[in-house]
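Undergrad:
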Amino acid sequence: MKIALFLPNWIGDVVMATPAIRAVRDRFPDAELTGVCKPYVAGLLSGNPWFQNLTFLDRQGPWTQRWWNVAWRMRAAKPDLAILFPNTFRSAATAWLGGCRRIVGFDRYGRGRLLTDRLQAKRSADGGFEPMPVIDDYNRLAVTAGCHNPGHRMELFTTPADEDQADRIWQQCGFGGREVFCLNPGAAFGASKYWDVDYFARLAQDLADWRDAGVLVLCGPAEREIARHIARLAARPLVHSLADAPVSLGLTKALIRRADLLVTTDSGPRHFAAAFGRPVVTLFGPTHIGWTETFYDRATHLQKKVPCGPCQLRRCPLDHRCMTELLPAEVYHAVVDLVERTAQTRKAS
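Residue numbers (this note's numbering): 3 to 351.
#1: Mapping the DSSP letters down to three states, classify Ser-243 as helix, strand or coil.
#2: Could you work out which residue in Thr-66, Val-43, Asn-71, Val-38 is closest to Asn-55 when comparing CA atoms only?
#3: Between which two residues does the beta strand (DSSP E) harbouring Val-282 extend?
#4: According to DSSP, Arg-125 sits in a beta bridge with which residue or residues?
#5: Where DSSP assigns a beta bridge to Gly-216, which residues make up the other side?
#6: Can the beta-carbon of Leu-83 be found less than 8 angstroms from the beta-carbon of Ala-168?
#7: Which same chain residues end up closer than 8 angstroms to Val-199 when comparing Cβ atoms and leaving out the 5 residues on each side of it in sequence?
#8: Cα separation between Lys-4 and Gly-49?
#9: Please identify the residue among Lys-40, Leu-218, Ala-193, Phe-159 whose C-alpha is closest to the C-alpha of His-273.
#10: Considering only residues of the same chain and omitting the five flanking positions on each side of Ser-93, which have a CB-CB separation below 6 angstroms?
#11: Could you give the DSSP three-state label for Cys-324: helix, strand or coil?
#12: Taking Cβ positions, are Gln-175 and Gly-216 nearer each other than 8 angstroms?
#13: Can you give the Cα-Cα distance for Lys-255 and Ala-247, rounded to whole angstroms?
#14: Which residues bound the alpha helix (DSSP H) around Cys-175?
#15: Determine the contact status of Leu-185 and Ala-206, defining contact as a CB-CB distance below 8 angstroms.
#16: For Tyr-140 and Gln-122, I'd like the C-alpha separation in whole angstroms.
#17: When you compare the stretch 310-318 with the stretch 329-336, are there three or more beta-carbon pairs, one atom per stretch, that lie closer than 8 angstroms?
#18: Report the residue from Leu-340, Val-241, Ser-194 whose alpha carbon sits nearest the alpha carbon of Val-182.
#19: Grab me the residues of Trp-197's own chain with a C-beta within less than 8 angstroms of its C-beta, minus the 5 sequence neighbours each way, in chain order.
#20: Measuring straight from C-alpha to C-alpha, what distance separates Leu-59 and Trp-293?
#21: Following the continuous beta strand (DSSP E) through Glu-34, name the residue where it begins and the one where it ends.
#22: Distance check for Arg-61 and Gln-67, CA to CA, integer angstroms please.
#23: Taking the C-alpha atoms as reference points, what is the distance between Val-249 and Leu-257?
#24: Nearest CA to the CA of Leu-209: which residue from Ala-237, Thr-118, Ala-25?
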């Protein structure tokens, strides 16, 4: 049996799809599983044993990654089943033209006729879409394909090369056996998700001064200067950034996996912590928590109730109060509380 899984387009969403992907792997253990995804997702899947193949689908990539070329190659492979995690018309058209015998997806954006198994999104009384955890929608796709309920346990993997690189960074920072917190200031969604660099720097100072902890500011290639600026403002020997390291998703996974806790904006790496069983404090601003709730028991969500939010806008047209009113002291106390609760839970078990 051959199965094509069209993966989500956002890093965090791919992580939230892992329970469903694992359920497909378990239900069809002998199937040839192909992940159809954006190229930048590949690093997230490094070390993952579930897929036999990865096929890149990207409208901005080379012609080999355009949907018609992918569909042509897929038709030659003759997949028995395609599961569409993204709601795009393009994913449905690729699967349909690719000759997939069974296509499971949500009936959105006029693509219903291209699907063999159509799911409907839940709507509110006024006809709009209810803020429903996307992880549950992904699980509905897997169940429709014949899997048992996947549950909410997300899962990621690392490679030996990424672990070796993380080891070197740990040693260079002089963290040794002390408590280490990772800070993730990035937000690909847009500027409205950013927490002020001065706030991040103050939090880093508090963690270093009051807990004698190491602090590592994470970053992607486009966020190096932000990470560097936070470490510079903190001005503590125990506060470091990844700004000068060869950053990658694989390295970020390996670093979060060994951290004592992650403090992050509502962005993809937030879910890395849950996938590795690490505590995480997430700073929510303009986004509705309901969309990305994962029911992880070692997570703390911080969000200020403001009249204008959650607005779901990429850029704030006002004064960004949803984030500026969330102060470093409040975040610090949330971190300490979560660390202590996690320690107590471990002792009890």
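Don't be surprised by glycine CBs; every beta carbon is placed ideally from N, CA and C.
TA: Considering the structure as presented:
#1: Taking the sequence shown and counting its residues from 1, the one referred to as residue 243 is at position 241. In the structure shown, Ser-243 sits in a strand (DSSP, three-state: E or B).
#2: Within the sequence shown, residue 55 is the residue found at index 53, counting from 1. Considering only alpha carbons, the answer is Val-38.
#3: Against the sequence shown, residue 282 aligns to sequence position 280. From DSSP, the beta strand (DSSP E) with Val-282 extends over 282-286.
#4: As a first step, residue 125 is located in the sequence shown; it is residue number 123 there, counting from the start. Phe-131, per the DSSP bridge assignment.
#5: In the sequence shown, counting from the first residue as 1, residue 216 sits at position 214. Answer by DSSP bridge pairing, in chain order: Val-182.
#6: Your numbering for residue 83 matches position 81 in the sequence shown. Your numbering for residue 168 matches position 166 in the sequence shown. Cβ atoms of Leu-83 and Ala-168: not closer than 8 angstroms.
#7: The residue given as residue 199 occupies position 197 in the sequence shown. Sequence-distant Cβ neighbours of Val-199 in its own chain, meaning closer than 8 angstroms and more than five residues away, are Pro-187, Ile-228, His-231, Ile-232, Leu-235.
#8: In the sequence shown, residue 4 corresponds to position 2, counting from 1. In the sequence shown, residue 49 corresponds to position 47, counting from 1. Going by the C-alpha atoms only, they are around 21 angstroms apart.
#9: Locating residue 273 in the sequence shown gives position 271, counting from the first residue. Comparing Cα positions, the closest option is Phe-159.
#10: The sequence position of residue 93 within the sequence shown is 91, counting from 1. Phe-8, Leu-86.
#11: Within the sequence shown, the letter at position 322 stands for residue 324. If DSSP states are grouped into helix, strand and coil, Cys-324 belongs with the helices.
#12: On the sequence shown, position 173 is the one that residue 175 refers to. On the sequence shown, position 214 is the one that residue 216 refers to. Position check: residue 175 holds Cys in this sequence, whereas Gln was assumed. For Cys-175 and Gly-216, yes; Cβs fall inside 8 angstroms.
#13: Translated into the one-based positions of the sequence shown, residue 255 becomes position 253. Translated into the one-based positions of the sequence shown, residue 247 becomes position 245. One C-alpha to the other measures close to 14 angstroms.
#14: Residue 175 sits at position 173 when you count from the first residue of the sequence shown. Going by DSSP, Cys-175 is part of the alpha helix (DSSP H) stretching over 162-175.
#15: Taking the sequence shown and counting its residues from 1, one reaches residue 185 at position 183. Taking the sequence shown and counting its residues from 1, one reaches residue 206 at position 204. In this structure, Leu-185 places its C-beta atom within 8 angstroms of the C-beta atom of Ala-206.
#16: Residue mapping note: residue 140 aligns to position 138 of the sequence shown, counting from 1. Residue mapping note: residue 122 aligns to position 120 of the sequence shown, counting from 1. Distance between Tyr-140 and Gln-122, taken at the CA atoms: about 12 angstroms.
#17: By the Cβ criterion, the stretch 310-318 is not in contact with the stretch 329-336, since fewer than three pairs of Cβ atoms, one from each stretch, lie closer than 8 angstroms.
#18: As a first step, residue 182 must be located in the sequence shown, where it is residue number 180. Nearest in C-alpha terms to Val-182, of all of Leu-340, Val-241, Ser-194, is Val-241.
#19: On the sequence shown, position 195 is the one that residue 197 refers to. Once the five neighbours on either side are set aside, the close Cβ partners of Trp-197 are Pro-187, Thr-267, Leu-285, Gly-287, Met-325, Leu-328.
#20: Taking the first residue of the sequence shown as position 1, residue 59 is located at position 57. Taking the first residue of the sequence shown as position 1, residue 293 is located at position 291. For Leu-59 and Trp-293, the distance between alpha carbons rounds to 25 angstroms.
#21: The residue labelled residue 34 in the question sits at position 32 within the sequence shown. Per DSSP, Glu-34 is one residue of the beta strand (DSSP E) stretching across 34-39.
#22: As a first step, residue 67 is located in the sequence shown; it is residue number 65 there, counting from the start. As a first step, residue 61 is located in the sequence shown; it is residue number 59 there, counting from the start. Put simply, the backbone Cα of Gln-67 is about 7 angstroms away from that of Arg-61.
#23: The residue labelled residue 249 in the question sits at position 247 within the sequence shown. The residue labelled residue 257 in the question sits at position 255 within the sequence shown. Between Val-249 and Leu-257, the alpha-carbon positions lie close to 11 angstroms from each other.
#24: Reading the sequence shown from its first residue, position 207 is the one you call residue 209. Nearest of Ala-237, Thr-118, Ala-25 to Leu-209, Cα basis: Ala-237.
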